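The next block holds one structure in the form of structure tokens; read it before the comments.
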Amino acid sequence: TVNDTPTLPIRPRISPALVSAALGDLAAGLRLRELWGMMAWQDIRQRYRRSVLGPLWLTLQMGLMVIGLGVLYAGLFGQPIDTYLPFLTLGLIAWILISGLLSDCSMSFIGSETVLRQLAVPLSVFVYRMLWRNLIIFGHNIGIYVVVALVFGIWPGANGLMALPALALICLNGVSAGLLLGASSARFRDIPQFVTNMVPVIFLLTPVLWRPEQMTGRAAFVLFNPFYHFVEIVRMPLLGAAAPLSSWLTVIGITVAGWAVTLVFFARYRGRIAYWL
């Protein structure tokens, strides 16, 4: 016999309307740049409240780190100080930006829980806030590179301009990770703890303190580390050299794949984030 019972259409888990709403959230949040810009700057000021130097402590901290680690590891590795110190400086500046984004991404919504419940604003505002806060820190730290470049006579030339698209790619990944990790952490509170514990390990495994060529016979150990490629596309142009094409392709591939996953996840669960908090 023929079953005449009508069947209900199965609604897709991710509909075009949900994706459109997620993209609309990103666009609406971007237009509120005065709001998240002010919130990010207040985060920095609050950290150094009642301090005489204020945010300048960011630059001083980076300067002391560069001098201390530069002198120590140049001696340990037998590296000329005039080439190792610029290498280390840019590696640390790039790493602090990347690791800061990675650590703050998981807290982008959790850390803004009170504000999120009080203001009817797009969720992406809190991710842009996190990104801008880390870019402010990057802006303070890049001053150390300028000093080191003047001391050692480094002029990046036209290659230095490639640091701008590199920074743009890092920002794109920062927003993507902020949405994905921020929403996931709101649901699973172990994720921020996991990220916090993994960041120091990743730092030691990434060529920041040491040069990639020092890993003799273990090139795969470096090439399969995605964080190496993110650091390299910032560091090499500012040293006056071109970053390897493989690093650019790796970062672009990660960016595209990351956004594909993020859009699906954010579109599907955007409406639940406030309840998870």
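Under this note's numbering, the letters of the sequence shown match residues 160 to 436, in that order.
Every residue gets a Cβ at the ideal spot worked out from N, C-alpha and C, and that includes glycine.
These numbers were taken from a predicted model, which means no experiment stands behind them.
CA-to-CA distance, residue j to residue i, given in whole angstroms
{"i": "Arg276", "j": "Ala336", "result": "22 Å"}
{"i": "Val420", "j": "Thr375", "result": "35 Å"}
{"i": "Gly234", "j": "Leu228", "result": "10 Å"}
{"i": "Ala180", "j": "Ile173", "result": "11 Å"}
{"i": "Ser438", "j": "Phe425", "result": "Residue numbering for the chain in the displayed model covers 160 to 436; residue 438 lies beyond these limits and cannot be assessed."}
{"i": "Val410", "j": "Val230", "result": "31 Å"}
{"i": "Leu328", "j": "Thr414", "result": "7 Å"}
{"i": "Phe236", "j": "Trp216", "result": "29 Å"}
{"i": "Ile226", "j": "Leu194", "result": "37 Å"}
{"i": "Arg192", "j": "Trp418", "result": "21 Å"}
{"i": "Thr166", "j": "Leu182", "result": "Low confidence applies to Thr166: its pLDDT is 49, below 50, so where it sits in the model is not reliable, and the reading given next is rough at best. Roughly 32 Å separates the two Cα atoms."}
{"i": "Trp254", "j": "Ile392", "result": "12 Å"}
{"i": "Pro371", "j": "Asn332", "result": "23 Å"}
{"i": "Leu330", "j": "Arg394", "result": "Residue 330 is actually Cys in this sequence, not Leu. Approximately 16 Å, taken between the alpha carbons."}
{"i": "Arg431", "j": "Leu177", "result": "13 Å"}
{"i": "Ala325", "j": "Arg348", "result": "31 Å"}
{"i": "Tyr232", "j": "Pro239", "result": "10 Å"}
Reduced DSSP secondary structure (H/G/I, E/B, other) of residue i
{"i": "Ala253", "result": "helix"}
{"i": "Leu398", "result": "coil"}
{"i": "Ala279", "result": "coil"}
{"i": "Gly376", "result": "coil"}
{"i": "Ile329", "result": "helix"}
{"i": "Pro371", "result": "helix"}
{"i": "Ile203", "result": "helix"}
{"i": "Pro315", "result": "coil"}
{"i": "Gly237", "result": "coil"}
{"i": "Phe389", "result": "helix"}
{"i": "Pro171", "result": "With a pLDDT of only 45 at Pro171, under 50, the local geometry of the prediction cannot be trusted, and the value read off the model is given with reservation. Coil, per DSSP."}
{"i": "Ser265", "result": "coil"}
{"i": "Asn300", "result": "helix"}
{"i": "Val161", "result": "Residue confidence is low: Val161 scores 47 on pLDDT, short of 50, so the model does not pin down where it sits. Its coordinate-derived value is still stated next. In the structure shown, Val161 sits in coil (DSSP, three-state: anything other than H, G, I, E or B)."}
{"i": "Thr365", "result": "coil"}
{"i": "Phe285", "result": "helix"}
{"i": "Leu244", "result": "helix"}
{"i": "Arg208", "result": "coil"}
{"i": "Pro403", "result": "coil"}
{"i": "Leu436", "result": "coil"}
{"i": "Arg348", "result": "coil"}
Beta-carbon separation (whole angstroms), residue i vs residue j, contact threshold 8 Å
{"i": "Met289", "j": "Asp263", "result": "5 Å"}
{"i": "Phe268", "j": "Leu422", "result": "Actually they do not touch by this definition, with Cβ atoms about 17 Å apart."}
{"i": "Ser271", "j": "Leu340", "result": "Between Leu340 and Ser271 the Cβ distance is about 14 Å, and since that is not below 8 Å, they are no contact."}
{"i": "Val334", "j": "Val286", "result": "6 Å"}
{"i": "Phe297", "j": "Leu256", "result": "5 Å"}
{"i": "Phe311", "j": "Asp241", "result": "5 Å"}
{"i": "Asn318", "j": "Ala401", "result": "6 Å"}
Candidates the options, of which the one nearest residue i by Cα
{"i": "Gly316", "options": "Gln201, Leu223 and Gly399", "result": "Gly399"}
{"i": "Ala308", "options": "Pro385, Ile361, Ala378 and Leu244", "result": "Leu244"}
{"i": "Thr145", "options": "Gly250, Arg206 and Ala401", "result": "Limits of the chain in this structure are 160 at one end and 436 at the other, which puts residue 145 out of reach."}
{"i": "Trp200", "options": "Ala345, Cys330 and Arg292", "result": "Arg292"}
{"i": "Phe389", "options": "Ser406, Ala401, Gln373 and Ala378", "result": "Ser406"}
{"i": "Ile303", "options": "Leu223, Arg208 and Pro385", "result": "Leu223"}
{"i": "Ala433", "options": "Val274, Leu260, Leu256 and Thr248", "result": "Val274"}
{"i": "Val305", "options": "Tyr207, Gly259, Phe246 and Ile350", "result": "Phe246"}
{"i": "Ser258", "options": "Asp241, Arg348, Ala322 and Phe386", "result": "Phe386"}
{"i": "Ser344", "options": "Val367, Tyr207, Tyr428 and Thr248", "result": "Tyr428"}
{"i": "Ile361", "options": "Asn384, Ile350 and Ala342", "result": "Asn384"}
With 16 other Cβ atoms within 10 Å as the buried cut-off, status of residue i
{"i": "Asp184", "result": "buried"}
{"i": "Phe186", "result": "One detail in the question is off: residue 186 reads as Ala in this sequence, not Phe. Counting Cβ neighbours within 10 Å, Ala186 comes out exposed, since fewer than 16 surround it."}
{"i": "Asn300", "result": "buried"}
{"i": "Met357", "result": "exposed"}
{"i": "Pro396", "result": "buried"}
{"i": "Val161", "result": "With a pLDDT of 47 at Val161, under the threshold of 50, the modelled position of this residue cannot be trusted; read the value that follows with caution. Exposed: under 16 other Cβ atoms inside 10 Å."}
{"i": "Thr164", "result": "Bear in mind that the predicted position of Thr164 carries a pLDDT of just 48, short of 50, making it unreliable; the figure below should be weighed with that in mind. Looking at its Cβ environment, which holds fewer than 16 other Cβ atoms inside 10 Å, Thr164 is exposed."}
{"i": "Met198", "result": "buried"}
{"i": "Trp314", "result": "exposed"}
{"i": "Leu368", "result": "buried"}
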